[in-house]
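Structure first, commentary second.
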Amino acid sequence: MEIKDKIDRNKLPQHVAVIMDGNGRWAKKKGNQRIFGHQNGVKAVRETVEAAAELGIKFLTLYAFSTENWKRPQNEVNALMHLLISTLNSEVKTLQENNVRLLAIGDLESLPANVHHQLRNTIDLTSTNSGLSLVLALSYSGRWELVHAVKNIIQDANEGKITPDKLNENTLYQYMQSSFMPYPELLIRTSGEYRISNFLLWQIAYTELYFTPILWPDFRKENFFEAILDFQKRERRFGKTSDQLVNETSTVPNNNS
Ligand code: FPP
1371 MEIKDKIDRN
1381 KLPQHVAVIM
1391 DGNGRWAKKK
1401 GNQRIFGHQN
1411 GVKAVRETVE
1421 AAAELGIKFL
1431 TLYAFSTENW
1441 KRPQNEVNAL
1451 MHLLISTLNS
1461 EVKTLQENNV
1471 RLLAIGDLES
1481 LPANVHHQLR
1491 NTIDLTSTNS
1501 GLSLVLALSY
1511 SGRWELVHAV
1521 KNIIQDANEG
1531 KITPDKLNEN
1541 TLYQYMQSSF
1551 MPYPELLIRT
1561 SGEYRISNFL
1571 LWQIAYTELY
1581 FTPILWPDFR
1591 KENFFEAILD
1601 FQKRERRFGK
1611 TSDQLVNETS
1621 TVPNNNS
């Protein structure tokens, strides 16, 4: 029996988030420049997107470039930006064929104009696709997203559109850039590092975390399926007891519970 066939299609996470890590180490191990690792990471992106689409997962968020990544050597930043453009360009046809809708979160205005332009184009071209939503986190950090939300709240408060008594976890989330998607139920991080690295901080309060030692360029569909299987073995209690869960029909509350 193939690993994919062991997955219970009735217990799929709606949203899987991925911290793609280990490109630099992968390249170094092969005696190459870091960018060689990023270039080879594109195959792992393709495999992961395909795997998520095959299963019928609704949202896949990939941490492609963090706010902190701007501090990397300029040649690496440039190479990553170039890789983004070329990948978006080369993959748009496959996205269309597979009914994948591309979206992005992060400080997109801070991206170089040509990257921003290519990204907008691909988002527009795929906007009516109804299958998997592939969300690229670009120039993104969880703290940046929270600050951005707070600024919007203050602005609305100044205009009398919101008062403190109306602010709760649900209304706060509505001010966040990623509020169009449910909270991730599973977060995968590759490369054996056990960190969140400023990714989706608000959203992962009850997310199941899955860490694998595989370096990102080596990550394949089977590895994604393994992570889903592992997720399906977890008991998600959301602060309740095991006994309480037995008496409930659904153990997976939506975002807002
Ligand atoms: C982390 O590895 C990876 C990144 C910061 C970039 C991820 C980019 C890609 C996989 C390529 C393009 C992606 C898309 C969506 C088109 P690292 O450099 O931190 O590796 P290290 O920890 O071994 O140094």
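This note's numbering applies: residue 1371 is where the sequence shown begins, and numbers increase by one.
Note that the Cβ used here is the ideal one computed from N, Cα and C, for glycine as well.
field: Rounded distance between the beta-carbons of lysine 1381 and phenylalanine 1595, thought under 8 Å
entry: Residue 1595 sits at position 225 when you count from the first residue of the sequence shown. Residue 1381 sits at position 11 when you count from the first residue of the sequence shown. Actually they are not in contact, since the Cβ atoms of phenylalanine 1595 and lysine 1381 sit about 13 Å apart, beyond 8 Å.
- prompt: Between proline 1552 and valine 1386, is the Cβ-Cβ spacing less than 8 Å?
  reply: Working through the sequence shown from its first residue, we reach residue 1552 at position 182. Working through the sequence shown from its first residue, we reach residue 1386 at position 16. No. Outside cutoff.
- prompt: For the putative contact between isoleucine 1475 and glutamine 1573, defined by C-beta atoms under 8 Å, what is the C-beta separation to the nearest angstrom?
  reply: What you label residue 1475 is simply residue 105 of the sequence shown in a count that begins at 1. What you label residue 1573 is simply residue 203 of the sequence shown in a count that begins at 1. So it is not a contact: roughly 10 Å between Cβ atoms.
message: Can you tell me whether leucine 1585 is helix, strand or coil according to DSSP?
response: Taking the sequence shown and counting its residues from 1, one reaches residue 1585 at position 215. It is coil, neither helix nor strand.
- prompt: Does the distance from the CB of leucine 1432 to the CB of leucine 1489 come in under 8 Å?
  reply: Within the sequence shown, the letter at position 62 stands for residue 1432. Within the sequence shown, the letter at position 119 stands for residue 1489. Not in contact: leucine 1432 and leucine 1489 (Cβ atoms no closer than 8 Å).
query: What separation, rounded to the nearest whole angstrom, lies between the Cα atoms of serine 1436 and glutamate 1515?
result: Position 66 of the sequence shown, counted from the start, is the residue given in the question as residue 1436. Position 145 of the sequence shown, counted from the start, is the residue given in the question as residue 1515. When rounded, the distance between both Cα atoms is 12 Å.
- request: With distances taken Cα to Cα, identify the nearest neighbour of arginine 1379 among Gly1426, Ser1480, Gly1392, Gly1609.
  value: What you label residue 1379 is simply residue 9 of the sequence shown in a count that begins at 1. Closest option to arginine 1379, Cα to Cα, is Gly1426.
query: Can you find a heavy atom of the ligand FPP that lies under 7 Å from the Cβ of glycine 1630?
result: Given that the chain is displayed from residue 1371 to residue 1627, the structure contains no residue 1630 and the question cannot be resolved.
task: Use the C-beta contact count for serine 1627: other C-beta atoms within 10 angstroms, 16 or more gives buried, fewer gives exposed.
output: As a first step, residue 1627 is located in the sequence shown; it is residue number 257 there, counting from the start. Low local confidence applies: a pLDDT of 38 at serine 1627 is under 50, so the model's placement there is unreliable, and no value is given.
field: Neighbourhood of tyrosine 1545 by C-beta, 7 Å cutoff - its chain only, sequence neighbours within 5 removed
entry: Taking the first residue of the sequence shown as 1, we reach residue 1545 at position 175. The answer, listed in chain order, is Ala1519, Asn1522, Ile1523.
Residue from Lys1376, Gln1384, Asp1391, Glu1372 whose Cα sits closest to the Cα of phenylalanine 1581: The residue given as residue 1581 occupies position 211 in the sequence shown. Closest in C-alpha terms to phenylalanine 1581, from the list Lys1376, Gln1384, Asp1391, Glu1372, comes Asp1391.
- request: Closer than 6 Å by C-beta to lysine 1428: which residues in its own chain qualify, once you throw out the five before and the five after it? Chain order, please.
  value: The residue you call residue 1428 lines up with position 58 of the sequence shown. Closer than 6 Å at Cβ, skipping near neighbours: Gln1384.
query: In whole angstroms, what is the alpha-carbon distance linking glutamate 1578 and alanine 1434?
result: Along the sequence shown, one-based indexing puts residue 1578 at 208. Along the sequence shown, one-based indexing puts residue 1434 at 64. If you take the alpha carbons of glutamate 1578 and alanine 1434, they lie about 20 Å apart.
- request: Tell me whether valine 1415 sits in a helix, a strand or coil according to DSSP, three-state version.
  value: Here residue 1415 corresponds to residue number 45 of the sequence shown, with the count starting at 1. Valine 1415 falls in the helix class under three-state DSSP.
query: Measuring from the CB of glycine 1401, is there a heavy atom of the ligand FPP at a distance below 7 Å?
result: Position 31 of the sequence shown, counted from the start, is the residue given in the question as residue 1401. For glycine 1401, the distance from the CB to the nearest heavy atom of the ligand FPP is not below 7 Å.
message: I'd like the span of the beta strand (DSSP E) that includes alanine 1575, first residue to last.
response: On the sequence shown, position 205 is the one that residue 1575 refers to. Where alanine 1575 is concerned, there is no enclosing beta strand (DSSP E), given that its DSSP letter is neither H nor E.
task: Using 10 angstroms around the beta-carbon of methionine 1371, count the other beta-carbons present and answer buried if the total reaches 16, otherwise exposed.
output: The residue you call residue 1371 lines up with position 1 of the sequence shown. Answer is exposed; the Cβ neighbour count stays below 16.
task: Say yes only if the C-beta of valine 1462 is nearer than 7 Å to one or more non-hydrogen atoms of the ligand FPP, and no if none qualify.
output: To locate residue 1462, count along the sequence shown from 1; it is residue 92. It does not: the Cβ of valine 1462 is nowhere closer than 7 Å to a heavy atom of the ligand FPP.
field: 4 or more residues per run - each alpha helix (DSSP H) lying fully within the region 1446-1486
entry: Those alpha helix (DSSP H) runs which fall completely within the region 1446-1486 and span 4+ residues do not exist here.
Check: threonine 1492 C-beta below 7 Å from any heavy atom of the ligand FPP: To locate residue 1492, count along the sequence shown from 1; it is residue 122. Checking the Cβ of threonine 1492 against the ligand FPP gives no.
field: DSSP state of arginine 1559 mapped onto helix, strand, coil
entry: Locating residue 1559 in the sequence shown gives position 189, counting from the first residue. Three-state result, arginine 1559: strand.
task: May I ask you to verify whether the region 1584-1592 touches the region 1414-1421, counting CB pairs closer than 8 Å and requiring at least 3?
output: yes
- request: Give the range of the beta strand (DSSP E) segment to which tyrosine 1543 is assigned.
  value: Your numbering for residue 1543 matches position 173 in the sequence shown. Where tyrosine 1543 is concerned, there is no enclosing beta strand (DSSP E), although the alpha helix (DSSP H) it sits in stretches over 1539-1544.
message: Checking 8 Å against the spacing of the C-beta atoms, do tyrosine 1576 and phenylalanine 1550 come in under that value?
response: The residue you call residue 1576 lines up with position 206 of the sequence shown. The residue you call residue 1550 lines up with position 180 of the sequence shown. No, the Cβ-Cβ distance between tyrosine 1576 and phenylalanine 1550 is not below 8 Å.
- prompt: What span of residues does the beta strand (DSSP E) with leucine 1548 cover, start to end?
  reply: Counted from its first residue, the sequence shown places residue 1548 at position 178. Strictly speaking, residue 1548 in this sequence is serine, with leucine absent from that position. From DSSP, serine 1548 is part of no beta strand (DSSP E); its letter is neither H nor E.
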